[in-house]
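Going by our numbering, the sequence shown opens with residue 46, and the numbers climb by one from there.
Yeah, the Cβ is synthetic: ideal placement off N, Cα and C, and Gly gets one too.
Everything below concerns the one structure shown next.
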Amino acid sequence: MTGVGVATRHLAVGSLVPHARSGVGAVATQASTNPYFGPWGLDRLEQLQLQSGGELGAEAVLESLLQDDPGRDGRQVHLVDSQGRTAAWTGPDCAGLAAHRCYPGFSVAGNYLASELVLLAMAEAYMAAERHGLALEERLMAALEAAEAHGGDYRGRQSAALLVMHQESYPHIDFRVDHHPEPLLALREILAETSETYYSGFRATLPTTLGVAQTAELPAAAAAVDTAQPPDMPISA
């Protein structure tokens with residue numbers, strides 16, 4: 046599995062920054078964002094890992110992305126490949142305090158940072174959540190909350206997003222808070238809904254690469270969707 050968590054003082058960060066693909070990796074393109082780094086980076090990761098038998102990955106792809114981009118000095122981008130190798134770039138023209146840190150299996154990066162402690166807090170929170178066996182979305186959320194607790198983006202807050210891919214080509218988690226005075230609180234509230242029966246029941250009915258849910262499971266899952274729906278939630282059918 047792979048994914049991205051992000052928060053910023055800007056509108057709709059989830060629309061351009063996070064990119065991920067099952068079995069390939071994840072890319073976060075930020076600062077003076079180049080949206081093409083997402084799809085191009087994932088395409089190149091997929092091709093390069095196939096062509097090299099897995100020997101080449103994140104670092105080689107990052108180099109190729111930057112080489113082709115005349116605006117690279119204003120970019121901040123970090124990526125992880127399917128083998129957990131990470132690579133990152135923070136251009137010298139990125140605004141405010143901008144930095145990144147790479148670790149085995151994950152990376153953290155930011156600009157307009159309140160202090161250097163923000164990235165350290167993110168990494169420590171992620172690793173602590175990992176040691177406790179939490180799901181990837183919970184690890185990412187913990188990192189974002191730790192960043193906020195240490196000042197995060199010194200300009201304030203406006204939007205946040207979580208994107209997590211499992212083995213399917215469609216997202217396991219793709220949640221966005223595009224414009225909110227407390228986007229992380231709103232994102233945490235959305236994430237909490239995934240444990241509700243109506244949602245887990247609905248997810249159980251989705252086709253997967255292993256086929257649809259077992260026939261005996263489908264009626265129970267469908268019933269969960271029908272009976273556990275929270276009040277005042279419209280349903281289209």
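Assuming residue i and residue j form a contact by the criterion Cβ under 8 Å, report the distance between their Cβ atoms to the nearest whole angstrom.
i: Gly-48; j: Leu-236; result: That pair is no contact at about 12 Å.
i: Tyr-107; j: Trp-134; result: In the sequence as presented, Tyr is not what sits at residue 107; that position holds Leu. About 6 Å separates the two Cβ atoms, so the contact holds.
i: Ala-103; j: Val-125; result: 6 Å
i: Gly-59; j: Ala-191; result: 19 Å between Cβ atoms; not a contact.
i: His-195; j: Leu-142; result: Wrong, their Cβ atoms sit about 12 Å apart, outside the cutoff.
Please list, in chain order, all residues of the same chain as residue i whose beta carbon is under 7 Å from its beta carbon, the five residues on each side excluded.
i: Asn-79; result: Asp-114, Gly-116, Arg-120
i: Arg-89; result: Val-106, Ser-109
With distances taken Cα to Cα, identify the nearest neighbour of residue i among the options.
i: Gly-50; options: Tyr-244, Glu-161, Ser-214, Phe-151; result: Phe-151
i: Ser-204; options: Arg-176, Leu-110, Arg-233, Met-46; result: Arg-233
i: Glu-193; options: Gly-178, Leu-158, Ser-109, Gly-129; result: Leu-158
i: Arg-146; options: Gly-155, Ala-140, Asp-138, Cys-139; result: Gly-155
i: Gly-86; options: Ala-73, Leu-95, Gly-98, Ser-97; result: Ala-73
i: His-55; options: Val-106, Met-167, His-224, Leu-229; result: His-224
i: Leu-185; options: Glu-241, Leu-164, Gly-246; result: Leu-164
i: Asp-118; options: Gln-75, Pro-137, Thr-250, Val-153; result: Pro-137
i: Thr-253; options: Leu-230, Tyr-215, Glu-238, Pro-226; result: Tyr-215
i: Tyr-148; options: Gly-129, Leu-162, Leu-142; result: Gly-129
i: Gln-212; options: Ser-67, Pro-63, Val-62; result: Ser-67
i: Leu-111; options: Gln-96, Gly-98, Ala-132; result: Ala-132
i: Glu-183; options: Gly-197, Leu-229, Tyr-243; result: Leu-229
i: Gln-75; options: Glu-238, Gly-197, Thr-250, His-123; result: His-123
i: Ser-127; options: Ala-143, Ala-144, Gly-99; result: Gly-99
i: Pro-63; options: Leu-95, Leu-208, Val-69; result: Leu-208
By the 10 Å Cβ neighbour count, where 16 or more other Cβ atoms means buried, how is residue i classified, buried or exposed?
i: Ala-140; result: exposed
i: Tyr-199; result: exposed
i: Tyr-171; result: buried
i: Ala-226; result: The sequence as given places Pro at residue 226; Ala does not occur at that position. Exposed is the call here.
i: Gln-92; result: exposed
i: Pro-84; result: exposed
i: Leu-189; result: buried
i: His-217; result: buried
What is the DSSP secondary structure of residue i, counted as helix, strand or coil?
i: Tyr-81; result: coil
i: Tyr-148; result: strand
i: Thr-242; result: helix
i: Arg-130; result: coil
i: His-191; result: Note that residue 191 is Ala in the sequence shown, not His. Correct three-state label for Ala-191: helix.
i: Gly-256; result: strand
i: Val-72; result: strand
i: Met-172; result: helix
Taking 6 Å as the limit between beta carbons, can you name the residues of its chain near residue i, skipping five residues before and five after?
i: Val-153; result: Arg-146, Leu-164, Met-167, Ala-168
i: Leu-61; result: Thr-78, Pro-80
Take residue i and list the residues in its own chain whose beta-carbon comes closer than 8 Å to its own, dropping the five residues that flank it on each side.
i: Ala-173; result: Ala-187
i: Ala-57; result: Ser-204, Arg-221, Asp-223, His-224
i: Val-69; result: Thr-47, Leu-87, Leu-90, Glu-91, Gln-94, Asp-126, Ser-127
Quick one: is residue i near chain B, going by C-beta distance under 7 Å?
i: Tyr-171; result: The structure shown contains no chain B; it is built from a single protein chain.
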